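Chains as they are written, first to last, in my numbering: chain A, 684 to 1010; chain B, 2 to 278; chain C, 58 to 300.
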């Protein structure tokens, strides 16, 4: 039955494994710290965007407030670590759980909203989070939290002399987010989400629990993004509200998926692989002037890609499928 | 202050609500207007109050051109129209910020001795800062004008009809692009007006738009998309809430009040106070 | 034996407008029942009440002996109510088979089985050749058929069809009629709303005519079409349309 479908699923999995293997081998050849840095960020944003894509791409609930979950992940991990000495590994899970719970709590009122009203509500809630952390003395307020460095340690997940562990963690995060998407895509949830995105009324009539499927997507998405936030906090070893909960993160999570192909399995990875190095390179090449050339280049590219390829870069690769006569 | 938010918001409301297009570069329109006003002052010593009509006219052209060169194509997108609009206008915003940094440098600028700046006026023993007062007056006039324009003129009706059914409108010989370009121009002109007034009492820098843009969105959504009166009411509510929050919470938290009120309103009325779409 | 579906004294008011007043109908197992009537007779409202889009202002709805008056649409689907939409609501960005799988997931939790079920239904409805086409690429008649396929995949006891035959070419309508018969022969009860009597009368076992929100006449199609009240309601309607 439906061999074509099974073959496609297997092919996706094999491609992913090959890509992951290639990525895992790059540090053998790439010794330059700046380039390694870019690779780490690319993998991280690929993972984040993949997670964002679950709620916004598959389930169609466009969130521009995912910075909230990113920041919550970072803050939960670091507050637990600096205040209570909880190891980051546990803090990471805690951050994920906290974010998922908050995402579901917010889901109750939010998922009644549609269109622009929903998008603005997501921006606003992240902004409220940002302002609250700005004024929360115990959490360092605007000063943020500096993570005490006690030397390289897997236990505390901090490394001074090498970036490799961060690289492999970012790779793992990206792979996990991809695999979760791959797995969910062919599950009841994946089908429910796409149905809800395309037409909630029809979905309802086919027995889809519209509300709970949105909640499920929000929880998975927020959990994974929070793990990314925890990782980022460990990676940069200093966090403040702007640097982990700013609006730019919400956009940077959405952009790769949108540019690559929103609601697709490969879109976020492809988008991040192009966008993040580009961002970093323009910043590196033109950013030094402080005169915004990087912004001009970056912005122009976004405008051009959005206009030229509304379905994302991925649409360049997919052959239009119109088998069978149109009668 | 609320009325100024209202004025920024109503320009957005026109674009966002009446034409149902997202404009994430709205704050940058404001930024451009403030710079224009600044340079007119710096080079020609034209007071912001006098240059306001000039700035509005310039922004009108700018808005129309942006529509014709970019937004028109974003609206035509066959897939993901919403996302395409968000990200094209967002990309545009980044470009505008970059251009502003490039040409105007990231320095903070201000207009030192305008007619209005820093002066206060006393009405019945209450001291009010002049610029805000003038701002309020201009806003009320602009609202009244716009309201009349949308609801009483042929163009206003054409605009509404075009949003609802571009195909049918084309049949009766209305060119969608002309109507929308005019609408964008008008929306931008209103922001231009707001920018010119604000230039006399706000610092001007490339990122200034960002801080107002979100509040403008909230204002429009609070009032409800598609309603000019809603944006006006939204502006007043936002202003009042901001002032009240500032009394009870530290100043850095003043926006929280606005955001909270927005969430509260849409949870009770998912289409804003006066929204039709 | 209890009827599969029963409405008891159902009222629906929208503000001052009464869309359904005191409607009591029943649909027996294995029947094809036509719900017909002129424009504005309250057919669509009654249809939506049965499908669970909204609860009635007054009265109760029983399905398979159970009171489902206030049950949401998704749960009714699980109980065995399948429906189509008058204005087609395909999942446009999904392929035809994926559309149908959404329906099949109601009774099949394992993906492999849901997929098999979907293929089976596509075969049954004659859409198998188009399985991997995007729903947005289908022609209107195929979209109608997809709606039926999707609903059938939920393995309903009662299939509600909302004007599935309207607006089709004569050939397409014939294929449609054949499909409805096939559905009934598979043991599924059918309640279909149609505006145009000519198409449905030869197909249905029993017709219920609504007019002005009330049940006007109920009976065998042949008797119904000759009923003076029905003729008057329809002629009146035609005059109104002509005016």
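For every residue, glycine included, the Cβ atom is placed at its ideal position computed from N, Cα and C.
For clarity, every value in this text was computed on a predicted model and none was experimentally measured.
Can you list, in chain order, the residues of its chain whose CB lies under 6 angstroms from that of residue i, leaving out five sequence neighbours each side?
i, result
"residue 222 (chain B)", "273"
"residue 1008 (chain A)", "With a pLDDT of 35 at residue 1008 (chain A), under the threshold of 50, the modelled position of that residue is not reliable, and the figure given next carries that caveat. So the list is empty, once near-sequence residues are dropped."
"residue 161 (chain C)", "171, 174, 175 and 210"
"residue 943 (chain A)", "950, 951, 953, 954, 995, 996 and 997"
"residue 283 (chain C)", "none"
"residue 966 (chain A)", "977"
"residue 739 (chain A)", "745 and 746"
Does the Cβ of residue i have 16 or more other Cβ atoms within 10 Å, making it buried, or fewer, making it exposed?
i, result
"residue 109 (chain B)", "exposed"
"residue 204 (chain B)", "exposed"
"residue 993 (chain A)", "buried"
"residue 799 (chain A)", "buried"
"residue 877 (chain A)", "buried"
"residue 996 (chain A)", "buried"
"residue 749 (chain A)", "buried"
"residue 741 (chain A)", "buried"
"residue 864 (chain A)", "buried"
"residue 969 (chain A)", "buried"
"residue 62 (chain C)", "buried"
"residue 682 (chain A)", "Because chain A is modelled from 684 through 1010, residue 682 (chain A) falls outside the range shown and cannot be assessed."
"residue 152 (chain C)", "buried"
"residue 881 (chain A)", "buried"
"residue 766 (chain A)", "exposed"
"residue 924 (chain A)", "buried"
Hey, quick one: how far does the alpha helix (DSSP H) through residue i stretch, first residue to last?
i, result
"residue 640 (chain A)", "Outside the displayed span of chain A (684 to 1010) sits residue 640 (chain A), for which this structure offers no information."
"residue 105 (chain C)", "100–108"
"residue 227 (chain B)", "Segment: none, residue 227 (chain B) is in no alpha helix (DSSP H) and carries neither H nor E."
Identify which residue in the options has its Cα closest to the Cα of residue i.
i, options, result
"residue 921 (chain A)", "A:943, A:825, A:723 and A:992", "A:825"
"residue 261 (chain B)", "A:859, A:730 and A:807", "A:807"
"residue 140 (chain B)", "B:198, B:185 and B:160", "B:198"
"residue 138 (chain C)", "C:258, C:229, C:91 and C:214", "C:214"
"residue 64 (chain C)", "C:102, C:96 and C:132", "C:102"
"residue 122 (chain C)", "C:267, C:114 and C:133", "C:133"
"residue 78 (chain C)", "C:98, C:233, C:88 and C:89", "C:98"
"residue 281 (chain C)", "C:263, C:269 and C:253", "C:263"
"residue 83 (chain B)", "B:24, B:51, B:29 and B:99", "B:24"
"residue 80 (chain C)", "C:72, C:202, C:183 and C:113", "C:113"
"residue 217 (chain C)", "C:88, C:72, C:165 and C:69", "C:88"
"residue 84 (chain C)", "C:95, C:111, C:118 and C:105", "C:118"
"residue 948 (chain A)", "A:691, A:817 and A:796", "A:691"
"residue 63 (chain B)", "B:245, B:254, B:189 and B:242", "B:189"
"residue 735 (chain A)", "A:941, A:917, A:804 and A:699", "A:941"
"residue 142 (chain C)", "C:186, C:205, C:106 and C:95", "C:205"
Closer than 7 angstroms by C-beta to residue i: which residues in its own chain qualify, once you throw out the five before and the five after it? Chain order, please.
i, result
"residue 129 (chain C)", "109"
"residue 196 (chain B)", "31, 34, 35, 38 and 56"
"residue 251 (chain C)", "91, 93, 220, 222, 223 and 257"
"residue 266 (chain B)", "223, 273 and 274"
"residue 751 (chain A)", "808, 809, 812 and 928"
"residue 787 (chain A)", "898, 901 and 902"
"residue 727 (chain A)", "853, 856, 911, 914 and 915"
"residue 29 (chain B)", "94, 97, 98 and 210"
"residue 198 (chain C)", "225 and 229"
"residue 725 (chain A)", "955, 956, 959 and 960"
Which stretch, first to last residue, makes up the beta strand (DSSP E) that contains residue i?
i, result
"residue 64 (chain C)", "62–71"
"residue 115 (chain C)", "115–120"
"residue 249 (chain C)", "246–251"
"residue 271 (chain C)", "271–276"
"residue 219 (chain C)", "215–219"
"residue 268 (chain C)", "263–268"
"residue 77 (chain C)", "74–80"
"residue 140 (chain C)", "138–140"
For the ligand SAM, is there a heavy atom less than 7 angstroms away from the beta-carbon of residue i?
i, result
"residue 737 (chain A)", "The ligand SAM is not part of this structure, which contains no ligands at all."
With a CB to CB cut of under 8 angstroms and the five nearest residues on each side skipped, what residues in its chain are close to residue i?
i, result
"residue 69 (chain B)", "178 and 182"
Between the region 889–901 of chain A and chain C, which residues of the former have CB atoms less than 8 angstroms from a CB of the latter, in chain order? Result list: 889, 890, 891, 892 and 893.
Counting only Cβ-Cβ distances shorter than 7 angstroms, please list the residues of the region 236–260 of chain B near chain A, keeping chain order. Listed in sequence order: 251, 253, 254, 256, 257 and 260.
Name, going along the chain, the residues of the region 859–886 of chain A whose beta-carbon falls closer than 8 angstroms to a beta-carbon of chain C. Residues of the region 859–886 of chain A that bring their beta carbon within less than 8 angstroms of a beta carbon in chain C comprise 869, 870, 871, 874, 875, 877, 878, 880, 881, 882, 884, 885 and 886, in sequence order.
Residues from the region 62–82 of chain C in contact with chain A, defined by Cβ distance under 9 angstroms: Answer set for the region 62–82 of chain C: empty.
Please list, in chain order, the residues of the region 30–46 of chain B that have any C-beta partner in chain A closer than 8 angstroms. Residues of the region 30–46 of chain B with a C-beta atom less than 8 angstroms from some C-beta of chain A do not occur.
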